[in-house]
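Structure first, then comments.
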Amino acid sequence: MMRTFTCIIACLVALSATGQRKFKHPGILYTQADLDRMKAMVEARREPFYSAFLDFKESRFTTYRDYDRALPLHKGQPVVWENTNLWLGEFGNVAFNNALMWRLTGERLYADKAVAVLNRYIPVRSTIPFGTNCLSNSSATMLIEAAELLRDYEGWKAEDQQGFRDFLVCPGYSSVEDYYEKYSSSDTLENQVTIYWNIFQGDPGRHGNQGLYGLRTLMAMGIYLDNDTIYDRAYRKLLSLPHRPDDLPYPKGPKTPHGSLSHVNDEYYVLYNSNGITVGDREDYGYDDELQYWIYENGQCQEASRDQGHIMDGMCNMMDIARTAWNQGDDVCSAYDGRILKGITYAAKYNYGWYNRNEKGNAYWAEEDLFEPTVENGQFLRRMARCARWESLKINPWSENNQTDWTRGKQFHSPGAMLMHYGIRMGLSEDSLLWVQRAWDVKKAEEGKIPEGLLAYRTVWMAGDGGTFVDGEHHSGLPAMPGTIQAVDYDFYSYSRSGEGLTYHNRGTTPSTLYRTDGTVEIEAVGGAFVVTDMEDGEWMNYTFTLPREGYYKILVDAEVVKEGASFYVAVDNGTPVGQELAVTEGFGRQEVGVLKLAAGAGVLRLTVKGTNRAVRLRSIVVEETSRPDAVADYVWNSRDYVSPPGEGSILTDRSDRLLVSCGYASDMVPAFTVEADGMAYRVPSGKLYLAIHGRNLNMVMFKGTSYRLPGETDDEVKDSASGQASTWSVRGCGSQRDEQLFVWQLDSSANRRIEPLLGACYEEGVEEYTLTRLNFSVNGEYLYRDTEIDDIGFYTLDELLERYGEDLHDTPLGLPATAIRVDVAPAVYRLDGTRLPVDTSRKGWRTSLPKGIYIVDGEKMVCP
448 MMRTFTCIIA CLVALSATGQ RKFKHPGILY TQADLDRMKA MVEARREPFY SAFLDFKESR
508 FTTYRDYDRA LPLHKGQPVV WENTNLWLGE FGNVAFNNAL MWRLTGERLY ADKAVAVLNR
568 YIPVRSTIPF GTNCLSNSSA TMLIEAAELL RDYEGWKAED QQGFRDFLVC PGYSSVEDYY
628 EKYSSSDTLE NQVTIYWNIF QGDPGRHGNQ GLYGLRTLMA MGIYLDNDTI YDRAYRKLLS
688 LPHRPDDLPY PKGPKTPHGS LSHVNDEYYV LYNSNGITVG DREDYGYDDE LQYWIYENGQ
748 CQEASRDQGH IMDGMCNMMD IARTAWNQGD DVCSAYDGRI LKGITYAAKY NYGWYNRNEK
808 GNAYWAEEDL FEPTVENGQF LRRMARCARW ESLKINPWSE NNQTDWTRGK QFHSPGAMLM
868 HYGIRMGLSE DSLLWVQRAW DVKKAEEGKI PEGLLAYRTV WMAGDGGTFV DGEHHSGLPA
928 MPGTIQAVDY DFYSYSRSGE GLTYHNRGTT PSTLYRTDGT VEIEAVGGAF VVTDMEDGEW
988 MNYTFTLPRE GYYKILVDAE VVKEGASFYV AVDNGTPVGQ ELAVTEGFGR QEVGVLKLAA
1048 GAGVLRLTVK GTNRAVRLRS IVVEETSRPD AVADYVWNSR DYVSPPGEGS ILTDRSDRLL
1108 VSCGYASDMV PAFTVEADGM AYRVPSGKLY LAIHGRNLNM VMFKGTSYRL PGETDDEVKD
1168 SASGQASTWS VRGCGSQRDE QLFVWQLDSS ANRRIEPLLG ACYEEGVEEY TLTRLNFSVN
1228 GEYLYRDTEI DDIGFYTLDE LLERYGEDLH DTPLGLPATA IRVDVAPAVY RLDGTRLPVD
1288 TSRKGWRTSL PKGIYIVDGE KMVCP
């Protein structure tokens, strides 16, 4: 708890030190860097972004035709009192989708459609002020999201933007007078309050999720209106902090229950009469719509005795609150010892565990004991809700209203946002995210696509956001390459949480005081510019960028090098690094680091220093388009070489140490896709006789095509096989967990006399090496609901192959030790599949009795022509 309290106080100290908060715009759920990333990936048609974009473009909210439908009228005045899910929520989604489409495509028709939706609310001066008014008015969240995306759209008139702002806080904003008490009324026209005044206190009288939806809207409103008092009102209440001295207090308490009522689910919770509740006089008491009271210390939700649907949706809303705060530099995810993730995990274990076993017959993972929290086993806490209306008794799998609607097994609607934030942005361990990953896997399997592939997906190094700093404040946005990136503009992470190991690695631990204060990378001013200095061996920085077209790019650094022995290396998206030692210079100057083949879209460049410490001061990194290098490189595999032919499934090439991960299948029956790498230029020595492919969930891999260039030739040889060439050896159930597969092809002409080897000519006598320019293979997976992964594609000599995979190959002729097949009198003869032939090798001429083929005799390969 002490660690959590320190985190919260640190955030507040940072805020008070800078005075009025300067909000990042856009900055609710999406920053400018997010928009730049999405736009670049869509324009490059990179997956999963492009497919998700096409779905988004054709969704019912984007294509909604009746978007200018008039609002309900009461005595001639537009009001929003009924069906707020439609009039605020659905139309908010229409406005948001079209605003985002404008951001991604630049087409004004989308923006104009969104503006038309927003402008309808300008004359509204009355929204429902009673009942579940906080929840009802929180439906305006997506309207505010849309307005934030459109704040710079020249087609939205300034007076109309002001009219929309006025609608949000009618009859006006005040931090000293409660306008809800003064101006609200149960009479439609007498009521003069709208969104803000219906949500500013959360909801102290109901289950926590209702007030939390209001806090999300309140936080979004503060950002859009550039009102840090409104933003802080939501942020501080969420974390159970006292109200700001210059703002209105939060609701008083505590509440005391009065008289229980009988109901259908009385075995799960006690329901108290809301009419008899008494309220104490303590300001800022804190109700169920605050993080620590909605999610208990064991991860149990305050609504666990109510039903499961409200919990699962509420956790997604909580994640949206955390993402919004993160975009403004605040780390809600770490508060109360990572309370949000605890809640997500508890809910997922209870719901997804049951769903996998009882609904899907353990299709997604092997059968496990169900998570059944009870008071007796210490996993369920009996507590009175702070609103004093419900007392939990045990976890409820039914609906709150009956015992006929089963709610256990409900799913998160946005597990992608959870996995990307906790896994990529925060870099938490796979073990801690097991149930988040499982939720993601289930949604991916059942929808047949990557969850939130457009709106939330990030590649493996995209923990931060690109941009630059002005007066110490981060301005979000990705630099467009080719071009120059200032070295001090490494990816921004957070003002309240260190990016060490995520957006940079630095041995020093003292925060910088120049240019930016969010990291410990050493910065100094030199000649009117800021430079990175005191660089030490192994340190690195990430830079996210966009690129309009695929090709070869020269990476240079503008640096001053004062000592010998320092080298720079660069890599993109966890690819293979290139680099070299830097020459000593007099002053700053450009030096080439290397050439990389880069894919169009958005990527992350990592620059790493090696060798001599404190030898370099770095001013900038320069990316220049160049031609394909004349001198081809030694064979080093790069997953970014790969594409997935249209209509034949799809793959990802950027998931940590896995080269390829399936995300779409050519077949509905089994995981299947074709993978092709083109435009390669890898020198492969002919001594590397074996091609190996290793991964998980691989049932069959067929080598289907290749292109290569022999020494002295200027044109590529193109070889394709309609049926494909099966592997020479395959091993299943290998690896430490016995869940991996290995396929090995012997590439010379002796490998398979029935099929002409695709690379046979490269291994003929006299050929010392060849240049590989294309490789194509097809993959069939084994299990439908599992990712098909490939983590190694390599060319090996026999010694190299056995060094890496010897334990897996020990039962094949490749790995059969010589002592196992020698005999004292005469050697035994084995086929390549390991079966022994009944041949008496003590007889003269025994070789002539063998059919054509390849055999293992006395531990050595023997070819019978």
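Here the sequence shown is numbered in the working numbering, starting from 448 and rising by one per residue.
Even for Gly, the Cβ is constructed at its ideal location relative to N, Cα and C.
Original post:
Exposed or buried, what is G649 when buried is set at 16 or more other beta-carbons lying within 10 Å of its beta-carbon?
Top reply: buried
Original post:
From what residue to what residue does the beta strand (DSSP E) around H922 run?
Top reply: E920 to S923
Subject >> Three-state class that DSSP yields for M831 in the structure shown >> reply: strand
Original post:
Using the beta-carbon count (16 or more within 10 Å), is V917 buried or exposed?
Top reply: exposed
Original post:
Out of curiosity, what's the CA-to-CA distance linking T1235 and G895?
Top reply: 14 Å
Subject >> Neighbourhood of L1248 by C-beta, 8 Å cutoff - its chain only, sequence neighbours within 5 removed >> reply: Y1137, A1139, V1191, L1256 and L1261
Original post:
Can you tell which of L901, G1048, Y497 and G930 has its C-alpha closest to the C-alpha of L1003?
Top reply: G930
**OP:** Report buried or exposed for T851, applying the criterion of at least 16 other Cβ atoms within 10 angstroms of its Cβ.
**Re:** exposed
**OP:** Could you work out which residue in P1285, N712, Q1188 and N1227 is closest to D1239 when comparing CA atoms only?
**Re:** Q1188
Original post:
Would the beta-carbon of S573 fall within 9 Å of that of W528?
Top reply: yes
Original post:
Taking T993 as the reference, which of G975, A927, N774 and A1018 has the closest Cα?
Top reply: A927
**OP:** Taking 8 Å as the threshold, find out whether the region 767-778 comes into contact with the region 934-946 through three or more Cβ pairs.
**Re:** yes
Original post:
Should I970 and I1068 be called a contact, given that it needs their Cβ atoms to be closer than 9 Å?
Top reply: no
Subject >> Per DSSP, the bridge partner or partners of F500 >> reply: Answer is none; F500 lacks a bridge partner.
Original post:
DSSP puts T1121 in a beta bridge; with which residues?
Top reply: S1225
Subject >> Own chain, CB closer than 7 Å to K1135, minus 5 neighbours either side, in chain order >> reply: F1242, Y1243 and T1244
Original post:
From what residue to what residue does the beta strand (DSSP E) around G800 run?
Top reply: That residue, G800, is in no beta strand (DSSP E); its alpha helix (DSSP H) goes A782 to W801.
**OP:** Would you list the residues sitting across from M666 in a DSSP beta bridge?
**Re:** In the DSSP output, where bridge partners are listed per residue, M666 has none listed.
**OP:** For G1142, count neighbouring Cβ atoms within 10 angstroms of its own Cβ and tell me buried if that reaches 16, exposed if not.
**Re:** buried
Original post:
DSSP puts Q1027 in a beta bridge; with which residues?
Top reply: F1015
Original post:
Would you call the CB atoms of V968 and E986 closer than 9 Å?
Top reply: yes
Original post:
How is R1143 classed by DSSP in three states: helix, strand or coil?
Top reply: strand
Original post:
On the three-state DSSP scale, how would you describe N989?
Top reply: strand
Original post:
Under a three-way DSSP split, which group does K1044 fall into?
Top reply: strand
Subject >> Residues near F1120 by beta carbon distance below 8 Å, same chain, minus five either side >> reply: S1091, E1095, G1096, S1097, I1098, S1109, G1111, Y1112, A1113, S1225, V1226 and T1235
**OP:** State buried or exposed for S1183, treating a residue as buried only when at least 16 other CB atoms are found within 10 Å of its CB.
**Re:** exposed
Original post:
First and last residue of the alpha helix (DSSP H) that includes Y740?
Top reply: L738 to W741
Original post:
For G761, which residues from the same chain have a beta carbon less than 6 Å from its beta carbon, with the 5 sequence-adjacent residues on both sides left out?
Top reply: N656
Original post:
Thinking just about the alpha-carbon of each residue, which of S861, T1259, L1219 and I791 is nearest to the one in D1163?
Top reply: L1219
Original post:
Can you name the start and end residues of the beta strand (DSSP E) that E1319 belongs to?
Top reply: Examination of residue 1319 is not possible in this model, given that the chain is present from 448 through 1312 alone.
**OP:** Would you identify the three-state DSSP class for V541, choosing helix, strand or coil?
**Re:** helix
Subject >> Classification of W773 by the beta-carbon crowding that lies within 10 angstroms, buried from 16 upward >> reply: buried
Original post:
Quick one: Cα of G669 to Cα of R598, how far?
Top reply: 14 Å
Subject >> Closest residue to D731 among I1237, G700, N805 and D713 (Cα-Cα distance) >> reply: G700
Original post:
Under three-state DSSP, which class holds T725?
Top reply: strand
Original post:
Whole alpha helix (DSSP H) runs in the region 528-601 with 4 or more residues, listed along the chain?
Top reply: 538-552, 555-566, 580-584 and 588-596
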